[in-house]
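Step one of this worksheet: look at the structure below.
2 protein chains.
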Amino acid sequence: MSDQQVVRPAPISGFSEWLPEVRRVELHWLDRIRETFERYGFANIETPAVESLDVLTAKGETSQEVYTLRRLQADPKDGSDAKLGLHFDLTVPFARYVAQHFNELDFPFKRYQMQRVWRGERPQEGRFREFTQCDIDVINVDDVPLHFDAEIPRIIHEVLTRLGLPPWSLNINNRKVLQGFYEGLGIEDPIAVIRIADKMDKVGAEGVGELLRQAGLSAEQAGAVLDLARIRGGDAGVVDEIGKLGVESPLLSEGLDELGFVMASLADLPSGSVVADLSIARGLDYYTGTVYEGKFLDWPGYGSICSGGRYENLAGSFIRRKLPGIGLSIGLTRIFAKLLAEGLIETGPKSPTAVLVAIPSQERRGESIATAAALRARGINTEVYHQASNLKKQLKYAEKKGIPFVWFPPFEDGKAHEVKDMATGAQTEADPGTWSA
Amino acid sequence: MSDQQVVRPAPISGFSEWLPEVRRVELHWLDRIRETFERYGFANIETPAVESLDVLTAKGETSQEVYTLRRLQADPKDGSDAKLGLHFDLTVPFARYVAQHFNELDFPFKRYQMQRVWRGERPQEGRFREFTQCDIDVINVDDVPLHFDAEIPRIIHEVLTRLGLPPWSLNINNRKVLQGFYEGLGIEDPIAVIRIADKMDKVGAEGVGELLRQAGLSAEQAGAVLDLARIRGGDAGVVDEIGKLGVESPLLSEGLDELGFVMASLADLPSGSVVADLSIARGLDYYTGTVYEGKFLDWPGYGSICSGGRYENLAGSFIRRKLPGIGLSIGLTRIFAKLLAEGLIETGPKSPTAVLVAIPSQERRGESIATAAALRARGINTEVYHQASNLKKQLKYAEKKGIPFVWFPPFEDGKAHEVKDMATGAQTEADPGTWSA
Numbered sequence: 001m002s003d004q005q006v007v008r009p010a011p012i013s014g015f016s017e018w019l020p021e022v023r024r025v026e027l028h029w030l031d032r033i034r035e036t037f038e039r040y041g042f043a044n045i046e047t048p049a050v051e052s053l054d055v056l057t058a059k060g061e062t063s064q065e066v067y068t069l070r071r072l073q074a075d076p077k078d079g080s081d082a083k084l085g086l087h088f089d090l091t092v093p094f095a096r097y098v099a100q101h102f103n104e105l106d107f108p109f110k111r112y113q114m115q116r117v118w119r120g121e122r123p124q125e126g127r128f129r130e131f132t133q134c135d136i137d138v139i140n141v142d143d144v145p146l147h148f149d150a151e152i153p154r155i156i157h158e159v160l161t162r163l164g165l166p167p168w169s170l171n172i173n174n175r176k177v178l179q180g181f182y183e184g185l186g187i188e189d190p191i192a193v194i195r196i197a198d199k200m201d202k203v204g205a206e207g208v209g210e211l212l213r214q215a216g217l218s219a220e221q222a223g224a225v226l227d228l229a230r231i232r233g234g235d236a237g238v239v240d241e242i243g244k245l246g247v248e249s250p251l252l253s254e255g256l257d258e259l260g261f262v263m264a265s266l267a268d269l270p271s272g273s274v275v276a277d278l279s280i281a282r283g284l285d286y287y288t289g290t291v292y293e294g295k296f297l298d299w300p301g302y303g304s305i306c307s308g309g310r311y312e313n314l315a316g317s318f319i320r321r322k323l324p325g326i327g328l329s330i331g332l333t334r335i336f337a338k339l340l341a342e343g344l345i346e347t348g349p350k351s352p353t354a355v356l357v358a359i360p361s362q363e364r365r366g367e368s369i370a371t372a373a374a375l376r377a378r379g380i381n382t383e384v385y386h387q388a389s390n391l392k393k394q395l396k397y398a399e400k401k402g403i404p405f406v407w408f409p410p411f412e413d414g415k416a417h418e419v420k421d422m423a424t425g426a427q428t429e430a431d432p433g434t435w436s437a
Numbered sequence: 438m439s440d441q442q443v444v445r446p447a448p449i450s451g452f453s454e455w456l457p458e459v460r461r462v463e464l465h466w467l468d469r470i471r472e473t474f475e476r477y478g479f480a481n482i483e484t485p486a487v488e489s490l491d492v493l494t495a496k497g498e499t500s501q502e503v504y505t506l507r508r509l510q511a512d513p514k515d516g517s518d519a520k521l522g523l524h525f526d527l528t529v530p531f532a533r534y535v536a537q538h539f540n541e542l543d544f545p546f547k548r549y550q551m552q553r554v555w556r557g558e559r560p561q562e563g564r565f566r567e568f569t570q571c572d573i574d575v576i577n578v579d580d581v582p583l584h585f586d587a588e589i590p591r592i593i594h595e596v597l598t599r600l601g602l603p604p605w606s607l608n609i610n611n612r613k614v615l616q617g618f619y620e621g622l623g624i625e626d627p628i629a630v631i632r633i634a635d636k637m638d639k640v641g642a643e644g645v646g647e648l649l650r651q652a653g654l655s656a657e658q659a660g661a662v663l664d665l666a667r668i669r670g671g672d673a674g675v676v677d678e679i680g681k682l683g684v685e686s687p688l689l690s691e692g693l694d695e696l697g698f699v700m701a702s703l704a705d706l707p708s709g710s711v712v713a714d715l716s717i718a719r720g721l722d723y724y725t726g727t728v729y730e731g732k733f734l735d736w737p738g739y740g741s742i743c744s745g746g747r748y749e750n751l752a753g754s755f756i757r758r759k760l761p762g763i764g765l766s767i768g769l770t771r772i773f774a775k776l777l778a779e780g781l782i783e784t785g786p787k788s789p790t791a792v793l794v795a796i797p798s799q800e801r802r803g804e805s806i807a808t809a810a811a812l813r814a815r816g817i818n819t820e821v822y823h824q825a826s827n828l829k830k831q832l833k834y835a836e837k838k839g840i841p842f843v844w845f846p847p848f849e850d851g852k853a854h855e856v857k858d859m860a861t862g863a864q865t866e867a868d869p870g871t872w873s874a
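Residue numbers (the numbering used here), protein chains in the order written: chain W, 1 to 437; chain P, 438 to 874.
In structure tokens form, the structure reads like this:
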């Protein structure tokens, strides 16, 4: 083992990994998310980490962040690998999947997908090069009922609640309301104004006002745009508030009906958790109706913890059918890493073991193995200590790993089994066929 | 939607994905594997998909298959991405992980890891460019007790049994037996002979005999090497059989003690499932004692379904400590894809939903949503139909997706709920607060 042979490993910026006790918490999170998604009848799929570059760049977005693949010792003249890249989200692969398997799927198709994605971005707080997303989407042929605009945020609300996060709100808006309102104001290019309004987080109301006037809006128009963006409320009452601004258009009416339906449907949820927020714009051009964005209340600058919305034609780049959809994506790594950094992830033991069976002596090793088998057969996670060491050493091992019980098979025939509760120190007789924690 | 805009998606060779009903089975497999690993006290970790090339090539093996990463529009002069590659197995990342977090882990460290890996190989039957492996390893400082040589195959036996696979055997050998036997025969380079013996699957006994004579072995030596390779048996009796060949060396004795211990420890497992097979060599140089290889009995040419063994110093490339280990890796994708191709994966419904709650009319939509909430609160996976269509259409949807029960909330106040069993057609009164399938 000379110095030269040792490659000292170092973390790679933007790629995170956790110690076993932290991973254990993350795994429980993933279990709960999956359970909630399935509780609402969503089916799991996974897609390869790799897509063809044609597919990844079909929408033209974030393409500079795509990681392409090349074999280490590939023939430089062989370009076959160069056509492959790692997916940068789960929406594009989902659209490709639906188009590719169109004839084998049943619609409306409700799926969830929990996978890693990769982006070659400059790492910074909340931005990773590899991270896990948990996506839920409904896609249908020709149209998607408004039912789902209300059901999707209800599911995400349940997920975020079950994770026990610090205070957050799931903010809802509707692009038709924005676009219809701007049209009612006589603005010629409402989409350009949506893009400007989306900068509220970055430049504030004053900055947005400035940009709007630069874009040719009158002071009155810009003022009304800002008035709309200030409206925020936990129920369908926001619709009346918007009405009081005195702007009208057919698209605005349609949008207000939709937003009112969604907020009324969610009226039973705890106050402040799901909020209509007219400042939310979600810059992406493919959203056409309801849009969602979740934020931590205590860290408003941290970026969204979930986001999504309704798109008129998700898979249009891949199939000549109209396939609208609606979905939401939870930024699992972004949420988890923030809580970990803030010291808010409470870790438990370093192993899933409930019982460590001690080995009293080499001769009675078989007894320990049989005891462990009996406990495992009853669903109890059980380790046998790996050698007949002195008992102090065996207890020390259980303590280090946070194993809550140590089991002592009899040291001689005819004696009873005993089990020690490591938290209280109490040691009592026990039967491997009936004992429970 | 002009023709030019549509990128028709096609499968990429070597990358597989499944329909929802198939993924559902794969997910159940993964759940069962994880449950069994945890039942024995192994802790989960995950490592990034990406490692530095220094780490990936530290052992020098399979390096030509490594996929390296490059951002799509990276500055050609910026070489930072070129130092990253996708991991090609889970053993190298595990070794790096242990070295990197050495001071924060407790030993013996028992971990499982279930992740995708990538290899830029030519795809063929049983060989994929992206596949999932399920690895279980124990690593310790300075030495790993022989206990684990018997426990690891017991765990894998339990996993493979629970998956309900077509007939297979888990074959065990010990490199010390091979090397010690060859030394006892007076062979000068036993490692070279191990590499030749490893070709038994490919060239048969005659071919191996030929190669041995080319390597300078006498006819008698080559004959003895082949005699040893023919020995196969389900219990510690193989040790006596090997003894009868009349070859002796200190290393052989040590190897026979270990092999005898492992086989005796596993004597309670069903006959033929775990077999000592002296023809197994596992070419990889880092194995030093017990080696494992699982095979389908009906498809002996298909390649191993799991493999592993004991290595004297796993993380030696990354840390100046001696860290021996022992582990086994299940080739999940290889097994699953084979069974799927053979028509042996029995798929169930296309969704996890147990109950579809119908919507009798738009006015009574709230009743349907409340009914679904009551069922979900009791842990029942429940969908509400997405609009107030005619009931035939709603039943048709349940039928298509394989949803076993359709729930009818009352069409008017005061009437009872009813539930229809889609398999039998029976429709009975039910209470959402107490009903179960």
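In this text, a Cβ means the ideal position worked out from N, Cα and C, and glycines have one as well. In this text the structure is predicted, and so the values were computed from the model without any measurement.
Quick one: list the residues of chain P neighbouring residue i, beta-carbon separation under 8 Å, in chain order.
i, result
"K445 (chain W)", "Shown here, chain W extends from 1 to 437; a query on residue 445 (chain W) therefore has no answer."
"N103 (chain W)", "Result: empty, since nearest Cβ-Cβ is about 11 Å, beyond 8 Å."
"F318 (chain W)", "V443, V444, R445, P446"
"P167 (chain W)", "By Cβ distance, chain P contributes nothing, its closest Cβ being about 24 Å from P167 (chain W), past 8 Å."
Under the rule that 16 or more other beta-carbon atoms within 10 Å means buried, what is residue i, buried or exposed?
i, result
"T333 (chain W)", "buried"
"L781 (chain P)", "exposed"
"I305 (chain W)", "buried"
"K420 (chain W)", "buried"
"R378 (chain W)", "exposed"
"G234 (chain W)", "buried"
"I628 (chain P)", "exposed"
"V203 (chain W)", "exposed"
"H157 (chain W)", "buried"
"D135 (chain W)", "buried"
"P166 (chain W)", "exposed"
List the residues of chain W that residue i touches, going by C-beta distances under 7 Å, in chain order.
i, result
"A536 (chain P)", "P9"
"P789 (chain P)", "E38, G41, A43"
Is the CB of residue i under 8 Å away from at least one CB in chain P?
i, result
"A398 (chain W)", "no"
"L69 (chain W)", "yes"
"G223 (chain W)", "no"
"I12 (chain W)", "yes"
"F336 (chain W)", "no"
"D106 (chain W)", "yes"
"H386 (chain W)", "yes"
"Q64 (chain W)", "yes"
"Q179 (chain W)", "no"
"F15 (chain W)", "yes"
Would you tell me roughly how many angstroms separate the C-alpha atoms of residue i and residue j, rounded to the nearest one?
i, j, result
"N610 (chain P)", "R719 (chain P)", "9 Å"
"F546 (chain P)", "I152 (chain W)", "41 Å"
"W299 (chain W)", "L86 (chain W)", "30 Å"
"P869 (chain P)", "A807 (chain P)", "10 Å"
"P797 (chain P)", "P846 (chain P)", "7 Å"
"L391 (chain W)", "V630 (chain P)", "44 Å"
"T819 (chain P)", "Y834 (chain P)", "14 Å"
From the beta carbon of residue i, is the nearest beta carbon of chain W less than 8 Å away?
i, result
"L875 (chain P)", "The shown model of chain P, from 438 to 874, leaves out residue 875 (chain P), and the question about it has no answer."
"F489 (chain P)", "The sequence as given places Ser at residue 489 (chain P); Phe does not occur at that position. So yes, S489 (chain P) belongs to the interface."
"F733 (chain P)", "no"
What residues from chain P crowd round residue i, counting only those whose CB sits closer than 7 Å?
i, result
"Q362 (chain W)", "Under the 7 Å cutoff, chain P gives no residues; its nearest Cβ is about 11 Å from Q362 (chain W)."
"V262 (chain W)", "Here the premise fails: no neighbours, minimum Cβ distance about 13 Å."
"Y383 (chain W)", "The sequence as given places Glu at residue 383 (chain W); Tyr does not occur at that position. Near E383 (chain W) (Cβ distances below 7 Å), the residues of chain P are Y477, G478."
Please compile the residues from chain W whose C-beta is within a distance smaller than 8 Å of the C-beta of residue i.
i, result
"R548 (chain P)", "P20"
Residues of chain W with a CB under 9 Å from the CB of residue i: which are they?
i, result
"V492 (chain P)", "V7, P9"
* To do: Below 7 Å between beta carbons is the criterion; list the residues of the segment 397-420 of chain W that meet it against any residue of chain P, in chain order.
  => K400, K401
* Asked: Name the residues in the segment 560-587 of chain P whose C-beta lies less than 7 Å from a C-beta of chain W; which are they?
  -> E567, P582, H584, F585
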